Amino acid sequence: TEIYTLSLHDALPISTTDAVVCWTQRDGVAATWRMYRGYGRASTDGGDSALLVRDGVRGLAYLVAPLLLGRCRRRGPVVVGALAYLSLPLARAARARAPLAAVALLPVAMAVKDLGKLAGAAQGGYRAARARGNDRGSR
Numbered sequence: 140t141e142i143y144t145l146s147l148h149d150a151l152p153i154s155t156t157d158a159v160v161c162w163t164q165r166d167g168v169a170a171t172w173r174m175y176r177g178y179g180r181a182s183t184d185g186g187d188s189a190l191l192v193r194d195g196v197r198g199l200a201y202l203v204a205p206l207l208l209g210r211c212r213r214r215g216p217v218v219v220g221a222l223a224y225l226s227l228p229l230a231r232a233a234r235a236r237a238p239l240a241a242v243a244l245l246p247v248a249m250a251v252k253d254l255g256k257l258a259g260a261a262q263g264g265y266r267a268a269r270a271r272g273n274d275r276g277s278r
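Using my numbering, the letters of the sequence shown correspond one by one to residues 140 to 278.
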């Protein structure tokens, strides 16, 4: 029989900024949307206000950016903001030597992620509000 001992060092979480995590991608845009929508619901269910605020700010940016691009003469800040937001995925794609077609789809992938999470958070919030309303009605 082999005995495994766990040292205190092994039990502590380690924080790192350079970890590489890989997972199998979903089969298509709709499946990816559903996955991120589930993440958004979980954010609401877990009551993580930081995640909800972050996702809400991203959603607001998707609404405001097109309005600013259409009405403002100075479009530079909007373009710079979008490029800054895409900079990390672009850097990862460059390191992975991703094909140009994949790089070109990064804005679509980010929108599916962000808007899917926002939709899930909205659904989770609606579900929670309904549950609170039902709790009040049953008293």
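Glycine included, every Cβ here is placed at the ideal spot set by N, Cα and C. Predicted model, so just to flag it, every value in this text is computed and none were measured.
Should Y265 go down as buried or exposed, given a rule of 16 or more other Cβ atoms within 10 Å for buried?
exposed
Okay, do the stretch 245-253 and the stretch 168-181 touch, 3+ Cβ pairs below 8 angstroms being the bar?
yes
Quick one: using the 10 Å Cβ neighbour count with 16 as the cut-off for buried, is S182 buried or exposed?
buried
CB of K256 within 8 angstroms of CB of D184, strictly:
no
Note down the Cα distance separating V217 from V247, rounded to an integer number of angstroms.
17 angstroms
Nearest-angstrom Cβ-Cβ length linking A260 and L191, presumed shorter than 8 angstroms:
6 angstroms
By how many angstroms is the C-alpha of L245 removed from the C-alpha of L229?
8 angstroms
Cβ separation of A232 and A240, assumed to be a contact under 8 angstroms, to the nearest whole Å:
Not quite, the Cβ-Cβ distance comes to about 11 angstroms (not below 8 angstroms), so this is no contact.
Apply the 10 Å Cβ neighbour rule to G220 and answer buried if 16 or more other Cβ atoms are within range, or exposed otherwise.
exposed
Is the CB of A241 under 8 angstroms away from at least one CB in chain B?
The structure shown contains no chain B, having only a single protein chain.
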